[in-house]
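Novice:
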């Protein structure tokens, strides 16, 4: 019988990105952050951010992961490092018998995702890939589809346009200017929380954010993507041009059960939307269809001297973070799988990598299962 | 680019009213009759019903002469009108040939058959692409043309229809959105990829790749239950975006149970706008903003979309011109 009052002791394995993930863990009454830890051999900015977070929460920062695991009687780890380190840290935590929550994207490399799936299975631990599947409107979509209101699902489409900017616009690089360094730009973006791609390896918008819309599609269809055809472009930001990664993409999806779908995604710039971006779900079934705006419910706020970049519509009743942690606590208590486990995250990553390849080749690409 | 020229309706420097003839069914007469007071510099003069039972339908257009046939219209009554509007099913080549022979500008649609032959006609022929003249679409295109949105990057269209509003042929279903995509991007796509599953013939999804990284993702579903349709068009540009979405234009009706969504109508501004453009082109002695070349391009792309669906291959083609 699980102890439903047990408080899980959590190590933060690196917190160099915007730190919503460990904050969400800390905010749930069943979880307690007890230490921040990372490997010693990292540049100062990594340690500075880890230390700052540890200081804010009044916990220690150890530059030795093995020592932290040995000394803090941990139940789980939260990984919020650069994307290229996600899997390595998660595998090490799993091999130490810790349950793991990792930030998106799962990895910059599919083979690492496979290693993580193996490690989770091998060690019989739970893994949650961070996602937005508990947003109120997404839950509404799920309930409508699962109730059979639109009949048998035939097609699903997600628009996922983030309106945050990403540095100088495309075309602003002057003769003699050096290309924008990816990591430098991401470090700079930390101030406004738009550093989702922090790390040395440059990633396009598909890689950075594709998990979210593909997470919706996976949950709403309960099906795997088998083949993709994608178009990718650098349309907005000089940093994406200089680093040869997309900031706009469209992907045709062929899924199990004869379901088809599509994803349109981009970092479209703050001028292109009054809020965080146009994010919508369209689903067509044998009996009807449903159109969902992901941001709802929301409240509009307008006032004199309002900063131009302040969102005019504020999301309300957003319990995504809490519900994700509730879901993970349930998984730990009962042994069930969390809403997006390692296998699911790996399959989404595989879809993303196939789409990136299709964008380069101009041909359909089968998704590695 | 050379433009066809034709006689404008000027009389010693004064503009004349364009006298229009309509060839169509009662439904067309009713639709055009409903917008007749909105027309500038034109009025209806003649009507040719396509079926004898529609003989009285011309009354909707005001004081018009009803001709018993197109033959009579273009011979005995040829001096009673300046231009002709043909609103009929595809295959109106013969009527258009008569209009050409009589030197009458024509607005005609839908044009799907023998269209290449029509391009030889010397008369100004404006194909009816009514979908371009919806107020929402016109607003998006104006923003794009004004440079507000920057270079077009991604066009997304959802068009969901109940069976009653669904065109019979796949070509007719696809053509409007294939045309909108080409129009927005200013050319034909370089790549076409289509998904259509055998188990669901009422659904098609096509993915178009344009020059300079442009892309369009379009789905057409013809399986909505009886009742309203749904249309959404968004275009993401380099410096801005436009969202023309029925979802944004829904009001609520409470009559028990869940509220009903009521879309606020755009009226028939599309029909009025298209007809006014036809009239203005005649007055200004210029080519209309919609040309046969546009229709031929949209038909060619539509064929590629269907070919991709049947072959399960990416169709690659550069625009000829």
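Residue numbers (our numbering), protein chains in the order written: chain A, -8 to 360; chain B, 41 to 361. Glycine included, each C-beta is placed from N, C-alpha and C at the ideal position.
1) Going straight from the alpha carbon of residue 229 of chain B to that of residue 295 of chain A, what length do you get?
2) At the level of alpha carbons, what is the spacing between residue 334 of chain B and residue 340 of chain B?
3) Determine whether the beta carbon atoms of residue 330 of chain A and residue 112 of chain A lie at a separation below 7 Å.
4) So, with DSSP's three-state summary, where would you put residue 52 of chain A?
5) Does residue 253 of chain B get closer than 7 Å to chain A when you measure Cβ to Cβ?
6) Flag residue 175 of chain B as yes if its beta-carbon sits less than 7 Å from any beta-carbon of chain D, otherwise no.
7) Assign residue 78 of chain A to buried or exposed, taking buried as 16 or more other Cβ atoms, counted over all protein chains shown, within 10 Å of its Cβ.
8) With 7 Å as the threshold, decide whether the Cβ of residue 211 of chain A is near any Cβ in chain B.
9) I believe residue 125 of chain B touches residue 147 of chain B by the beta-carbon criterion, under 8 Å. Please report the beta-carbon distance rounded to the nearest angstrom.
10) Which class does residue 63 of chain A belong to by DSSP, given the choice of helix, strand or coil?
11) Name the residue from A/209, A/223, A/182 and A/216 whose alpha carbon lies nearest to the alpha carbon of residue 194 of chain A.
12) Between residue 359 of chain A and the rest of its own chain, which residues show a CB-CB distance below 6 Å, the 5 nearest in sequence each way excluded?
13) By Cβ distance, which residues of its chain are closer than 8 Å to residue 348 of chain B, with the 5 residues on each side in sequence left out?
14) What would DSSP say about residue 166 of chain B, mapped onto helix, strand or coil?
15) Any beta carbon from chain B within less than 7 Å of residue 8 of chain A's own beta carbon?
16) Using only alpha-carbon positions, find the residue among B/357, B/292 and B/172 that is nearest to residue 249 of chain B.
17) Could you spell out the range, first to last residue, of the beta strand (DSSP E) harbouring residue 251 of chain A?
18) On the three-state DSSP scale, how would you describe residue 382 of chain A?
19) Alpha carbon to alpha carbon, how far is residue 258 of chain B from residue 199 of chain B? Give it in angstroms, no decimals.
20) Following the continuous beta strand (DSSP E) through residue 153 of chain A, name the residue where it begins and the one where it ends.
21) Please confirm if residue 239 of chain A has its CB atom under 7 Å from at least one CB of chain B.
22) Would residue 239 of chain B pass as an interface residue toward chain A - the criterion being a Cβ-Cβ separation below 7 Å?
23) Determine, for residue 257 of chain B, whether the minimum Cβ-Cβ distance to residues of chain A falls below 7 Å.
24) Determine the burial state of residue 41 of chain B: buried for a count of at least 16 other Cβ atoms within 10 Å of its Cβ, exposed for fewer.
25) Considering just the uninterrupted stretch of the beta strand (DSSP E) at residue 270 of chain B, what are its terminal residues?
26) Below 8 Å on the Cβ atoms is my contact criterion, and I expect residue 29 of chain A with residue 65 of chain A to pass it. Report the Cβ-Cβ distance as a whole number of Å.
27) Just how far apart, CA to CA, sit residue 13 of chain A and residue 71 of chain A?
28) Is the separation between the beta-carbon of residue 89 of chain A and that of residue 110 of chain A shorter than 7 Å?
29) Return the chain-ordered ranges of every alpha helix (DSSP H) run that is complete within the region 113 to 183 of chain A and spans a minimum of 4 residues.
30) If you scan the region 194 to 234 of chain B from start to end, which runs of the alpha helix (DSSP H) of 4 or more residues do you find wholly inside it?
31) Of the residues A/10, A/105, A/227 and A/6, which one's Cα is nearest the Cα of residue 335 of chain A?
32) If we ignore side chains and look at the alpha-carbon of each, how far apart do residue 85 of chain B and residue 303 of chain B end up?
33) Which full runs of the beta strand (DSSP E) of 3+ residues lie inside the region 55 to 118 of chain B, going along the chain?
34) Would residue 268 of chain A pass as a contact of residue 154 of chain A if the rule is Cβ separation under 7 Å?
35) Are any of the Cβ atoms in chain B nearer than 7 Å to that of residue 343 of chain A?
36) Taking residue 279 of chain B and residue 262 of chain A to be in contact with their CB atoms under 8 Å, please state how far apart those CB atoms are, rounded to whole angstroms.
Specialist: Result, derived from the coordinates:
1) 45 Å
2) 10 Å
3) no
4) strand
5) yes
6) The structure shown has no chain D; the protein chains it does contain are A and B.
7) buried
8) no
9) 5 Å
10) coil
11) A/223
12) 341
13) 232, 233, 234, 246, 354 and 355
14) strand
15) no
16) B/357
17) 251 to 258
18) This structure gives no information on residue 382 of chain A, because the portion of chain A shown stretches from -8 to 360.
19) 8 Å
20) 144 to 153
21) yes
22) yes
23) yes
24) For residue 41 of chain B, the predicted structure reports a pLDDT of 36, less than 50, and the residue's modelled location is therefore unreliable. A value from the coordinates is still provided. Exposed, by the Cβ-count rule.
25) 270 to 277
26) The pair is not a contact, with the Cβ atoms about 15 Å apart (cut-off 8 Å).
27) 8 Å
28) no
29) 127 to 137 and 173 to 180
30) 210 to 225
31) A/105
32) 35 Å
33) 58 to 64 and 82 to 89
34) yes
35) no
36) 6 Å
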